[in-house]
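First to last, the protein sequences are chains A and B. Take the first sequence: its letters are residues 1 to 198, numbered as in the working numbering. Take the second sequence: its letters are residues 199 to 779, numbered as in the working numbering. Ideal placement from N, C-alpha and C gives every residue a C-beta, glycine not left out. The structure displayed is predicted, hence computed values, not measured ones.
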Amino acid sequence: MEKISTLTGVAVPLKRGNVDTDQIIPAVYLKRVTKTGFEDALFAAWRGDPEFVLNQEPYKNGKVLIAGPDFGTGSSREHAVWALRDYGFTAVLSARFGDIFRGNSGKQGLLTGQVDEADIERLWAAIEAQPGIEATVDLIEKTATVGDLTVSFAIDDYTRWRLLEGLDDIGLTLRDEAAITEFESRRASWRPRTLPVK
Amino acid sequence: MSTPSSSAPGAGSEVPNESSDNAPEGVDTAAADSASLDTVAIDTVAIDIRELLRADAEAAAAEAEFADTDLDATDAAAAEAADATPAADPAPAFDAQDTGAGAGRPRTLAEKVWDDHLVVKGENGSPDLLYIDLHLVHEVTSPQAFDGLRAEGRPVRRLDLTIATEDHNTPTLAIDKPIADLTSRTQIDTLRANAKEFGVRLHSLGDLEQGIVHVVGPQLGLTMPGITVVCGDSHTSTHGAFGAMAFGIGTSEVEHVLATQTLPLKPFKTMAITVEGTLRPGVTAKDIILAVIAKIGTGGGQGYVLEYRGSAIRQLSVEGRMTICNMSIEAGARAGMVAPDDITFDYLKGRPHAPAGQDWDDAVAYWRTLQTDDDAVFDAEVFLDADTLEPFVTWGTNPGQGVSLSESVPDPSTIIDPNERASAERALEYMDLEAGTPLKEIKVDAVFMGSCTNSRIEDLRAFASVIKGQKKADGVRVMVVPGSARVRIEAEAEGIDKIVEEFGAEWRFAGCSMCLGMNPDQLAPGERCASTSNRNFEGRQGKGGRTHLVSPLVAAATAIRGTLSSVSDLNEDAKRETVGA
Ligand code: SF4
């Protein structure tokens, strides 16, 4: 996982609330056997609509999603994070997130920042005044900037630390690799082994 | 042995020790009462647990394996792979204990196994890092895990603690032909490619050791007491029958174990399920666990490791114990365990991967220390009387909606809890059943004998012993699916295949089959099935299919009579015939 400190990219106003994980990625896409390549599945139900924000030219290469409240509620599918990430999003700002979605995001390197609802509205206004404008999300300062407007966001310290260090769950565990190796050296010889095949 | 009190000592208890003056309510309790299952006023415990945890359980059920009933079986399976619940965050349990040495304080079986796998003890609320002795892999929940390793350039840390098999999608007929369903074939092909690329031992369709992952581990002697076992499948709890700590994990945890051979976990709470007495003829391990789930509810075990104990459990074979531990998850528990004893050691000895020589002696000496200490205390306790237990059957669409086979379909209007009442009403509508209908009058269209709950050689023997020399009822389709290729061969050596075929039933190749209908083995809409599997969710065995969970003995008797039946009904029939003749 890459270390994150500042992210800059096209800001996309998603002016809808209660976007649950089924809307982020419908169940029909869950049959796939890969962990990547979900960009076409993102918001699949809305992508056919030419009016949908991601179908509008300035927003096509969106990197920072600025969404209505209660983003990512519903089922725990990790694919919701994969789809956002595969499309190119590196950060999502919203007034409220689904808990599991936020947890999954932190583990997969997608920054989720909690921003006051009024500030979300101000961000939307700033973006719509200049469609295609970039946003800069600063994880060190915990701020998001669009043009002249800078708002602050909340993120829990633990997740922030992990994103700054680029630690996914596995990376985090591997910090204890010496302890794992030491444990293995003490493992009794009667304990099971699948190899060699008997 | 701790006192039969519901109150957990110290912090972390969620089970108030007060006798509830709520009259026992709900179908579950009614079932338990009429079956005289409760020996002590411990019913209160079960009810309290259930009420406290219902919300959690519902949340869990929504995320649980294959629970998404909006999807067809295949979608549901894929959704399971995708929606697997991330490591649950059960309330801290054996917390604040010095687990370093483990000595000094009385501990339960689960705590002993946990302590002996601590790589790093979590501090300040962070999880423990637990070592995993055995990782079982199958085609549904592993593809993205391998993909994740590939993306980060990580190898599998311990190929020698990892083993894969094909089971959920495999056909049970014409296994030499390419798999027709594209999703199924893709998952199988992906597992084969991943196993080859990473060097994982794989038993493919056609191989002697291929079969349901939870049948394969034990038959190879890889599952043994005192180890930790994980698999991307919720019925991993099966392996707890040996006194192992075994639980299902989600796909990202599969990746985590492949990469590190460890898992960060918060300890579980412990619950004792004590079953005393002797089972009557025709009553089996399956009836015990169906009765337990009916008693504590599908959320009653949430956050707990269940330890099954008492004289009735001690008398069970390892296969019977596996049937019980297998369904722990249906009570919402993360794992189920039985302390190892001579029955366990006899079962294990001489199996291909069982310890041998000095290792065997060392292992047995250690395994004997795993019994729960006499004065260890469980966070909750439940009691069940084996003497009065009857064959059990489910009438609804969750495994907790069950009653004794001699009873009638319950009346939802007598259920006080509005959620449970609504759920019972919905269930009866889906199952097309009238309240008050005697269960024994319910006709079935199909009988499924198989699944990781009941597809081992002992299960097939029990089934065969009842149908031997008989003919199946007209119009009933009977399918017998061994749990593994090896079980199939063993059964054939004993002539079980002939008995099955002469009975008029289908003798199939090994796999999950109609347990979830990811392969072509499915019920047609509206078909009713007596099934030895573990989940009676809507559409589980095929869209619109209706499932009654039963034991192999009840499945056999039902296949003969065409209506839900027990072995004792067959004896009655025989008596009547003799008298009439
Ligand atoms: S037999 Fe059924 S419950 Fe068991 S692993 Fe297969 S699908 Fe899951």
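How long is the line joining the alpha carbons of residue i and residue j, rounded to whole angstroms?
{"i": "S729/B", "j": "A755/B", "result": "12 Å"}
{"i": "E505/B", "j": "K493/B", "result": "16 Å"}
{"i": "A444/B", "j": "K310/B", "result": "14 Å"}
{"i": "A633/B", "j": "D609/B", "result": "5 Å"}
{"i": "H437/B", "j": "T36/A", "result": "33 Å"}
{"i": "G693/B", "j": "G404/B", "result": "21 Å"}
{"i": "V679/B", "j": "L658/B", "result": "9 Å"}
{"i": "A757/B", "j": "A722/B", "result": "18 Å"}
{"i": "T6/A", "j": "I140/A", "result": "8 Å"}
{"i": "T761/B", "j": "F646/B", "result": "14 Å"}
{"i": "R303/B", "j": "N104/A", "result": "37 Å"}
{"i": "V765/B", "j": "F661/B", "result": "10 Å"}
{"i": "A308/B", "j": "A574/B", "result": "11 Å"}
{"i": "M520/B", "j": "K638/B", "result": "27 Å"}
{"i": "V354/B", "j": "I527/B", "result": "28 Å"}
{"i": "I486/B", "j": "V28/A", "result": "38 Å"}
Note the first and the last residue of the continuous alpha helix (DSSP H) segment covering residue i.
{"i": "A83/A", "result": "79-87"}
{"i": "S450/B", "result": "449-458"}
{"i": "P341/B", "result": "341-350"}
{"i": "H412/B", "result": "411-417"}
{"i": "Y564/B", "result": "555-565"}
{"i": "A492/B", "result": "483-494"}
List, in order along the chain, the chain B residues whose C-beta lies closer than 8 Å to that of residue i?
{"i": "W161/A", "result": "By Cβ distance, chain B contributes nothing, its closest Cβ being about 13 Å from W161/A, past 8 Å."}
{"i": "F97/A", "result": "Going along chain B, no residue has its Cβ under 8 Å from F97/A, so there is no contact; the nearest lies around 15 Å."}
{"i": "F210/A", "result": "Coverage of chain A is limited to positions 1 through 198, which leaves residue 210/A absent and any answer about it impossible."}
{"i": "V197/A", "result": "R399"}
{"i": "A204/A", "result": "Shown here, chain A extends from 1 to 198; a query on residue 204/A therefore has no answer."}
Given residue i, which residues of its chain have a CB within under 8 Å of its CB, disregarding the five upstream and five downstream residues?
{"i": "E39/A", "result": "A83, D86, Y87, G88"}
{"i": "K641/B", "result": "R726, G760, T761"}
{"i": "L359/B", "result": "I330, D331, L332, H333, Q459"}
Less than 6 Å between C-beta atoms, sequence neighbours within five positions excluded: which residues of the same chain meet that for residue i?
{"i": "G156/B", "result": "Nothing in the structure corresponds to residue 156/B, since chain B is present only between 199 and 779."}
{"i": "L123/A", "result": "I66, V146"}
{"i": "G224/B", "result": "Only weak support is given to the placement of G224/B: the predicted model assigns it a pLDDT of 31, under 50, and the question is left unresolved by the model."}
{"i": "G397/B", "result": "L357"}
{"i": "R686/B", "result": "P680, A708"}
{"i": "S611/B", "result": "none"}
{"i": "T143/A", "result": "T150, S152"}
{"i": "V676/B", "result": "V645, K670, A703, A757"}
{"i": "I697/B", "result": "A662, K666"}
{"i": "K394/B", "result": "none"}
How would you list, in chain order, the residues of chain B whose beta-carbon sits under 7 Å from the beta-carbon of residue i?
{"i": "K35/A", "result": "Q342, D345, G346, A349"}
{"i": "D20/A", "result": "None at all; the shortest Cβ gap to chain B is about 12 Å."}
{"i": "F183/A", "result": "V317, Y329"}
Residue range of the beta strand (DSSP E) that residue i falls in?
{"i": "S602/B", "result": "600-602"}
{"i": "C727/B", "result": "726-729"}
{"i": "S152/A", "result": "149-152"}
{"i": "L587/B", "result": "L587/B -> no beta strand (DSSP E), and no H or E assigned at all."}
{"i": "Y59/A", "result": "Segment: none, Y59/A is in no beta strand (DSSP E) and carries neither H nor E."}
{"i": "M677/B", "result": "675-678"}
{"i": "E134/A", "result": "134-138"}
{"i": "S94/A", "result": "91-94"}
{"i": "Y29/A", "result": "Counting along the chain, Y29/A falls outside any beta strand (DSSP E), and DSSP gives it neither H nor E."}
Any heavy atom of the ligand MN closer than 6 Å to the CB of residue i?
{"i": "C650/B", "result": "You won't find the ligand MN in this model; what it holds is the ligand SF4."}
Give me the chain A residues within the contact set of residue i, using Cβ-Cβ distance strictly less than 7 Å, ordered along the chain.
{"i": "I447/B", "result": "The premise fails here: I447/B is roughly 12 Å from chain A at the closest Cβ pair, so nothing lies under 7 Å."}
{"i": "A561/B", "result": "W190"}
{"i": "M422/B", "result": "P192"}
{"i": "T384/B", "result": "V33"}
{"i": "P553/B", "result": "W190"}
Please go through the same chain and pick out, in chain order, the residues whose beta-carbon is closer than 7 Å to the beta-carbon of residue i, but skip the five residues on each side of it.
{"i": "E165/A", "result": "K3"}
{"i": "M1/A", "result": "G109, G166, L167, D168, G171"}
{"i": "T159/A", "result": "G106"}
{"i": "F344/B", "result": "N392, F396"}
{"i": "D22/A", "result": "G74, S75"}
{"i": "S515/B", "result": "I541, E656"}
Could you tell me which chain B residues have their CB closer than 9 Å to the CB of residue i, listed as they occur along the chain?
{"i": "D176/A", "result": "V317, V318, L327, T458, T460"}
If contacts are defined as beta-carbon pairs under 8 Å, then residue i and residue j qualify, I think. What distance do you get, rounded to the angstrom?
{"i": "T173/A", "j": "H454/B", "result": "7 Å"}
{"i": "H336/B", "j": "D431/B", "result": "7 Å"}
{"i": "C523/B", "j": "S435/B", "result": "5 Å"}
{"i": "L603/B", "j": "E588/B", "result": "6 Å"}
List the residues of chain C whose Cβ lies closer than 8 Å to the Cβ of residue i, in chain order.
{"i": "R352/B", "result": "Reference to chain C is not applicable here, since the protein chains of this structure are A and B."}
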